[in-house]
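With mature numbering (1 follows the signal peptide of the UniProt record, and there is no 0) applied, the sequence shown corresponds to residues -19 to -1, 1 to 310, in that order. For glycine and all other residues, C-beta sits at the position ideal for the given N, C-alpha and C. Note that this is a predicted model, so its numbers are computed, not measured. Taking it in order: structure first as structure tokens, then the write-up.
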Amino acid sequence: MLLNKLKFVNLLIVLVIFAKESLQNRDGLSELLRREHTLIKPYGGSSAGVPFWDFIGSTIVSNKFVRLTSDSQSLQGALWNTIPVEYTDWEIQFQFHVHGHGKDLFGDGFAMWYTKERNILGPVFGNKDYFTGLGVILDTYANYNGPNNHVHPYISAMINNGSLHYDHDKDGINTALGGCEASLRNKDYDTFLAVRYQNYKLTVSTDVDNKNAWKECFSIDNIKLPTKYFIGFSAATGDLSDNHDVISVKFYKLESPRKNEPIDHSLIEPSAASFPEQKELVDEAKPSTFWRIIKIMFISIIVIGLVLGVLYFGYNFYEKQRRTKKRFY
Ligand SMILES: [Ca+2]
């Protein structure tokens, strides 16, 4: 009897929490938290794992956070939802904490994924390269030091149909669709990101200034993403390191202006209207051929001049010595 009462109280608490979450609407849209894509404390972990989520690589779960990597070198870790998303329009809001001992040197960052593949570790912030779907990347370390580079941490999105390579040495700027600079590391308050996909529009917003308000990072129209992909988070450290923690993930089903479209949404191929070409970036360290030729010619003239000068003075000196010797004989 007592057990039944306790169960009933537990159910009530869950319902109250659920009702409260469902009320967190924005823009007057009908939004609903979907528990199967959500990760909130207490994580309910047991020896059998956390319901709806897989952990691979260096990922550890505590009662306060899911740590994708700790502040140690050469780690890859990921957190993957086990249920494919059935909804065409959605918003994922997640709380994270990137922190570590490094003052100037730290990295590499982490990413949120909505992809066909799951549970594969790899070189792109702990996930596989040539992925299929969406990656929202929070890159904390600037690898690239040329034109068009950004101040880091830098948040950007990449849409891939499986054919594009993420170029770490260029911080992925040749495949980035949009982005913003955001100071989000080593904060002693809560930091959040929201990724909204509605009516073929992708909007990424941040709440990293302790203002408890969303600030738009970027928004892109004509983004095509199918249903039935998986939500994941991954992080990696290399020579540089940081703790990359995911605190919570909330998935909201959004009202869909596309629900009457006579198409199978699961067959859509990921694409963007401004699908990035693999732009040739001019590296400042490598000047253009024209300037290289001018530089070589200039250096050659100086060297030839020096050699001629040495020969001229050498010969004069020799002649002078010879004449002096002649006078003595
Ligand atoms: Ca980077």
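Continuous beta strand (DSSP E) stretch holding residue i: start and end
i, result
"E162", "160 to 162"
"V47", "47 to 50"
"I154", "I154 -> no beta strand (DSSP E), and no H or E assigned at all."
"T113", "113 to 120"
"L20", "Careful: L20 lies outside any beta strand (DSSP E) and carries neither H nor E."
"L60", "57 to 62"
"Y135", "135 to 142"
"G38", "34 to 38"
Through-space distance from residue j to residue i, alpha-carbon basis
i, j, result
"P243", "P207", "14 Å"
"P134", "S215", "16 Å"
"P238", "N180", "6 Å"
"H18", "G107", "20 Å"
"H149", "V132", "15 Å"
"S222", "S164", "17 Å"
"N167", "D85", "12 Å"
"A217", "V288", "54 Å"
"N191", "I280", "56 Å"
"G114", "T121", "22 Å"
"residue 312", "G290", "Residue 312 cannot be examined here, being either before or after the span of the chain that is shown, -19 to 310."
"R48", "H78", "9 Å"
"F173", "K234", "18 Å"
"I228", "N193", "16 Å"
"G25", "P32", "7 Å"
"D264", "A123", "Caution is warranted here: a pLDDT of 45 is assigned to D264, below 50, making its placement in the model unreliable, and the coordinate value is therefore given only provisionally. When rounded, the distance between both Cα atoms is 14 Å."
"F112", "D226", "22 Å"
"G219", "L14", "36 Å"
"V176", "N44", "25 Å"
"E197", "Q74", "13 Å"
"I282", "K276", "10 Å"
"G81", "N241", "48 Å"
"A266", "Y296", "For A266, the pLDDT reaches just 41, beneath the cut-off of 50, and the residue's location in the model is therefore unreliable, leaving the point undetermined."
"I136", "D245", "31 Å"
"E60", "M278", "Before going on, a small fix: residue 60 reads as Leu here, not Glu. Cα to Cα, the separation comes out at about 56 Å."
"D171", "T187", "11 Å"
"P128", "V185", "24 Å"
"P23", "Q76", "14 Å"
"R99", "G83", "31 Å"
"S247", "T63", "17 Å"
Contacting residues, own chain, Cβ-Cβ under 6 Å from residue i (five flanking each side not counted)
i, result
"Y293", "none"
"V105", "Y147"
"I101", "K109"
"L183", "I201, I204"
"L145", "T156"
"A254", "N203"
"S39", "T50, L56, G58"
"I21", "S229"
Neighbourhood of residue i by C-beta, 7 Å cutoff - its chain only, sequence neighbours within 5 removed
i, result
"M139", "G116, I118, Y147, G153, T156, A157, L158"
"D52", "G81, H82, S222, D223, N224"
"residue 318", "Nothing can be reported for residue 318, as the shown portion of the chain is limited to -19 through 310."
Neighbourhood of residue i by C-beta, 8 Å cutoff - its chain only, sequence neighbours within 5 removed
i, result
"V66", "H18, Y95, T208, K209, Y210, F211, I212, F232"
"F46", "H78, D226, V227, I228"
"A92", "V105, F106, G107, N108, G116, V117, I118, L119, F214, S215, A216"
"G30", "F36"
"N142", "T113, E250, P251, S252"
message: Considering only heavy atoms of ligand 1 and the C-beta of each residue, which residues fall inside 7 Å, strictly closer?
response: Those residues, listed in chain order, are G88, D89, G90, D120, Y122, A123, N124, H133, H149, D152.
task: Mind listing, in chain order, the continuous beta strand (DSSP E) runs of no fewer than 3 residues lying wholly within the segment 64 to 107?
output: Qualifying beta strand (DSSP E) stretches, in chain order: 71 to 80, 90 to 96.
field: Unbroken stretches of the beta strand (DSSP E), 3 residues or longer, contained in the segment 165 to 233
entry: Listed in chain order, the beta strand (DSSP E) elements of length 3 or more contained wholly in the segment 165 to 233 are 172 to 179, 182 to 188, 196 to 201, 211 to 217.
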